[in-house]
Every structure is written in structure tokens, then in C-alpha cells.
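Novice: The structure that follows is given in the form of C-alpha cells.
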Amino acid sequence: MTQRREHLPKAYLDHAESSNHAFHMEKGSIIEVQGLSKHYGEKHVLQDVDFAVKSGEWVGIIGPNGSGKSTLLSLLSGVDRPTSGSIQLAGQMLGTYKRRALSQMMAVLQQEALPPLGFTVREVVEMGRFPFQSWLGSESEDSGEIVDRIMEKLQLTELADHPLDRISGGQRQRTALAKLMVQSPSVVLLDEPTTYLDIHYQVQFMDIVREWQQDCGLTVVSVLHDLNLASLYCDRLVVIHGGGIAAQGTPEQIMTTELLSRIFATETTVVPHPDTGRPQILIRPKLGL
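Reading the sequence shown from the start, the letters are residues 1221 to 1509 in the working numbering.
This is the structure:
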């Protein structure tokens, strides 16, 4: 993705310049997965998975429940190790990264993303700067300015001193996203980030991530349960089924009645979105039930 710095909003430009990677990614693939398998005893969750993620694109991982989507994301994050196969991040084997270096390169939003209750919104957001602190707890740059800028961008400033248990689900998810943004990563992994949000906060969350991606050249890999959201926001989709990749391509290539019927065992009608033209799914219930 070619970035024209003179057209970037100042808040995002300043944020991107605080990253060691945001404007210096090599062309081509930033993530390369080859022959990836994960077994738990006799259970083969993933088997011989191959795919790549280009720098600056948003890849959505979709598929039925239990197909291995979250396991794949866990492997990409380095939290879990594969049984076999390899993952390269920016040309380096994932397993060779030191923890601090990996945290400066990649940020992860799990389904349970926030720490236990007792922290304020600002305290949680500030946790995203930990990878840049020395063992004395200091930074070479003013993290307070970065935190202030991102909190203002995500409309969290007035909630700064609120405990986590006193804010809504949508505000909690924005807090988790702000924590990722102040981490200044090049790659973000999102595990079903909109599952527990109502439709307003789903769209708000996805809009923020999309703007962040486009303005800073961010690479996003997300597991998404909502196929319509995946089609609207992702540049490319990877379909996981039966522990392997069943298909991958643009939303227009993937969101077809034939493929969806085969993967999800559900009859659908696919129509273009009236504003974007992206394919959207209409469920076809069995009449008379």
C-alpha cells in the first residue's frame, strides 16, 4: 500500500512516526505461513496450512465454529507453537523474536482483551507502552503525549479516570483498541473483536481499525464471525474448514452462494451492498417452519 504522508491526518502521522516499522515495511509479504500444522494429541486442528499476508492489507479469517480459526491466530501471535511448519514475520522466523521485539512489531487483541477489573481506562491504555520501557520503567520519548493523542482520537479522554467496570462494552473495546494503538505496531491480530458488541459499536470499531490501517499502512489479520462485516472491511478473506484452507481471495471471489453453502451448510442469497458494491449475505430460511 503506497502511503502519501502529506495527506495523512496529523494524529495518525505522529502516531506512525512513533513506530519503528509503520513506514518502513518491505514490499511484499510481511507474514508467510508454510506447512503449518497443530495437533493436540490425536486431534489435528490445523494441517498443512499455507498462506501469506501482504504488508498493509487486512486479511479476514472466516469459517465455521471449531474449524481452527482462533488456533491459527494463536500460532501467528506466538502464544502457541505449531506442531510442524513455519511462520515468518518480516522475513524472520517468528520463534526467533525476543519478546520485547515481537511486542514492538505485533499487537494482539484476544476475545478477553482487558486485564482484571480495578484499573482505570488510562491505566489500561498506558499498558500498551510497556514494550518501549527500559528495565527502569522509562522511555526515550514522551509516552504521555502518545496516550493522550490516541485516547482523544477514540473519544476516551473523558473516561480516563473511570474504572473498567463503570464503562459500557463498546467503551471497553475502544479502550482495548487504544491500548493496541499506543503500542505502535506494524501488525495487528484481532480475534473476533466484535462478537459481544451491538451493531453501533461493531461498525464503530471496524471503522476505526480501517482508518488506522489506511492511514498508517497497518497490516491486520482478524478472525471474524460476521461474514458481512468481513466482506465490507477486509481486503482479502481466508476460509478455514476442516483444519485447512478451503479458499482464499477477495470478498467478491469468496462470498458466493456456492462456496458459502458448501462451507457453512446454509442456503444464502448474495447481493451487492448498495453503497460499496461489496457482497452481502441474506439468509434463506426454510419457509413454513
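The beta carbon of each residue, even a glycine, is placed where N, CA and C say it ideally should be.
When burial is assigned at 16 or more other CB atoms within 10 Å of the CB, is Glu1478 buried or exposed?
Specialist: Position 258 of the sequence shown, counted from the first residue, corresponds to residue 1478. Glu1478 should be labelled exposed.
Novice: Thinking just about the alpha-carbon of each residue, which of Asp1368, Ser1363, Arg1394 and Val1265 is nearest to the one in Val1429?
Specialist: Position 209 of the sequence shown, counted from the first residue, corresponds to residue 1429. Among Asp1368, Ser1363, Arg1394 and Val1265, the Cα nearest to that of Val1429 is on Arg1394.
Novice: Leu1296 and Gly1463 look like a contact to me (Cβ under 8 Å); what is the Cβ gap, rounded to whole Å?
Specialist: Looking up residue 1296 in the sequence shown gives position 76. Looking up residue 1463 in the sequence shown gives position 243. No, Leu1296 and Gly1463 are not in contact; Cβ-Cβ is about 16 Å, not under 8 Å.
Novice: Three or more C-beta pairs under 8 Å: does that hold for the stretch 1306-1319 against the stretch 1458-1472?
Specialist: No, because fewer than three Cβ pairs between the stretch 1306-1319 and the stretch 1458-1472 fall closer than 8 Å, the two stretches do not touch.
Novice: Could you please give the first and the last residue of the uninterrupted alpha helix (DSSP H) stretch that includes Phe1352?
Specialist: Residue 1352 sits at position 132 when you count from the first residue of the sequence shown. Taken as a continuous stretch (DSSP letters only), Phe1352 belongs to no alpha helix (DSSP H), as it is neither H nor E.
Novice: Please classify Glu1372 as buried or exposed, where buried requires at least 16 neighbouring CB atoms within 10 angstroms.
Specialist: Here residue 1372 refers to the residue found at position 152 when the sequence shown is read from its first residue. Glu1372 is exposed by the Cβ-count criterion.
Novice: Taking the beta carbon of Ser1406 as the centre, do at least 16 other beta carbons fall within 10 Å, making it buried, or is it exposed?
Specialist: As a position in the sequence shown, residue 1406 is number 186, starting the count at 1. Burial call: buried.
Novice: I'd like to check one pair, Gly1280 with Leu1444: are the Cβ atoms closer than 8 Å?
Specialist: Within the sequence shown, numbered from 1, the residue matching residue 1444 stands at position 224. Within the sequence shown, numbered from 1, the residue matching residue 1280 stands at position 60. In this structure, Gly1280 lies closer than 8 Å to Leu1444 by Cβ.
Novice: Can you tell which of Met1326, Ile1501 and Thr1476 has the C-alpha that lies nearest to the C-alpha of Phe1352?
Specialist: Locating residue 1352 in the sequence shown gives position 132, where the first residue counts as 1. Comparing Cα-Cα distances from Phe1352 to each of Met1326, Ile1501 and Thr1476, the minimum goes to Met1326.
Novice: Which residues does DSSP pair with Tyr1317 in a beta bridge?
Specialist: Reading the sequence shown from its first residue, position 97 is the one you call residue 1317. DSSP output for Tyr1317 lists no bridge partner at all.
Novice: Which of the three DSSP states is assigned to Gln1424 in this structure?
Specialist: As a position in the sequence shown, residue 1424 is number 204, starting the count at 1. Note: Gln1424 maps to helix in three-state DSSP.
Novice: If you draw a straight line from the alpha carbon of Arg1392 to that of Lys1263, how long is it in whole angstroms?
Specialist: Here the question's residue 1392 lines up with position 172 in the sequence shown. Here the question's residue 1263 lines up with position 43 in the sequence shown. Using only the alpha carbons, I get a separation of about 35 Å.
Novice: Indicate the three-state DSSP secondary structure (helix, strand or coil) for Ile1387 in the structure shown.
Specialist: The residue given as residue 1387 occupies position 167 in the sequence shown. Correct three-state label for Ile1387: coil.
Novice: Use the C-beta contact count for Leu1449: other C-beta atoms within 10 angstroms, 16 or more gives buried, fewer gives exposed.
Specialist: For the purposes of this step, residue 1449 is taken as the residue at position 229 of the sequence shown. So Leu1449 ends up on the buried side.
Novice: Mind listing, in chain order, the continuous alpha helix (DSSP H) runs of no fewer than 4 residues lying wholly within the stretch 1422-1503?
Specialist: With a minimum length of 4 residues, the continuous alpha helix (DSSP H) runs that stay inside the stretch 1422-1503 are 1447-1453, 1471-1474 and 1477-1484.
Novice: Take every Cβ of the stretch 1433-1443, pair it with every Cβ of the stretch 1408-1416, and state whether three or more of those distances are shorter than 8 Å.
Specialist: Touching, per the Cβ criterion.
Novice: Cβ of Gly1276 within 8 Å of Cβ of Gly1469?
Specialist: Working through the sequence shown from its first residue, we reach residue 1276 at position 56. Working through the sequence shown from its first residue, we reach residue 1469 at position 249. Against a cut-off of 8 Å, the Cβ pair of Gly1469 and Gly1276 comes out as no contact.
Novice: Output the distance between the C-alpha atoms of Ala1380 and Val1345, rounded to the nearest integer angstrom.
Specialist: Working through the sequence shown from its first residue, we reach residue 1380 at position 160. Working through the sequence shown from its first residue, we reach residue 1345 at position 125. Ala1380 and Val1345: Cα-Cα distance of roughly 9 Å.
Novice: Would the beta-carbon of Thr1489 fall within 8 Å of that of Ser1481?
Specialist: For the purposes of this step, residue 1489 is taken as residue 269 along the sequence shown, with counting starting at 1. For the purposes of this step, residue 1481 is taken as residue 261 along the sequence shown, with counting starting at 1. Taking 8 Å as the Cβ cut-off, Thr1489 and Ser1481 do not qualify as a contacting pair.
Novice: Smallest Cα separation from Ile1366: which of Glu1378, Leu1292 and Arg1349?
Specialist: As a working mapping, residue 1366 is identified with position 146 in the sequence shown. It is Arg1349.
Novice: Could you please give the first and the last residue of the uninterrupted alpha helix (DSSP H) stretch that includes Gly1364?
Specialist: Position 144 of the sequence shown holds residue 1364. Gly1364 -> alpha helix (DSSP H) spans Ser1363 to Lys1373.
Novice: Mind checking which residues open and close the beta strand (DSSP E) that includes Leu1409?
Specialist: In the sequence shown, residue 1409 corresponds to position 189, counting from 1. From DSSP, the beta strand (DSSP E) with Leu1409 extends over Val1407 to Asp1411.
Novice: Could you give the first and the last residue of the continuous beta strand (DSSP E) run that contains Leu1309?
Specialist: In the sequence shown, the residue the question calls residue 1309 occupies position 89. Unbroken beta strand (DSSP E) run through Leu1309: Ser1304 to Leu1309.
Novice: Is the beta carbon of Thr1414 sitting closer than 8 Å to the one on Met1426?
Specialist: Mapped onto the sequence shown, residue 1414 falls at position 194. Mapped onto the sequence shown, residue 1426 falls at position 206. Yes, the Cβ-Cβ distance between Thr1414 and Met1426 is below 8 Å.
Novice: Excluding five sequence neighbours on each side, which residues of the same chain lie with their C-beta closer than 8 Å to the C-beta of Val1299?
Specialist: Start at 1 with the first residue of the sequence shown, and residue 1299 comes out as number 79. Cβ neighbours of Val1299 beyond the five flanking positions: Val1328.
Novice: Tell me, which residues are paired with Ser1166 by DSSP?
Specialist: No answer is possible for residue 1166: the residues shown for the chain start at 1221 and end at 1509.
Novice: In this structure, does DSSP put Thr1291 in helix, strand or coil?
Specialist: Within the sequence shown, residue 1291 is the residue found at index 71, counting from 1. Of the three classes helix, strand and coil, the one that applies to Thr1291 here is helix, per DSSP.
Novice: Considering only their Cβ atoms, is the gap separating Ala1485 from Ile1474 smaller than 8 Å?
Specialist: One-based indexing of the sequence shown puts residue 1474 at position 254. One-based indexing of the sequence shown puts residue 1485 at position 265. Not a contact, by the Cβ cut-off of 8 Å.
Novice: Using only CA atoms, which one of Ile1251, Ser1257 and Ile1307 lies nearest to Val1273?
Specialist: Locating residue 1273 in the sequence shown gives position 53, counting from the first residue. Checked all of Ile1251, Ser1257 and Ile1307; the closest Cα to Val1273 is Ile1251.
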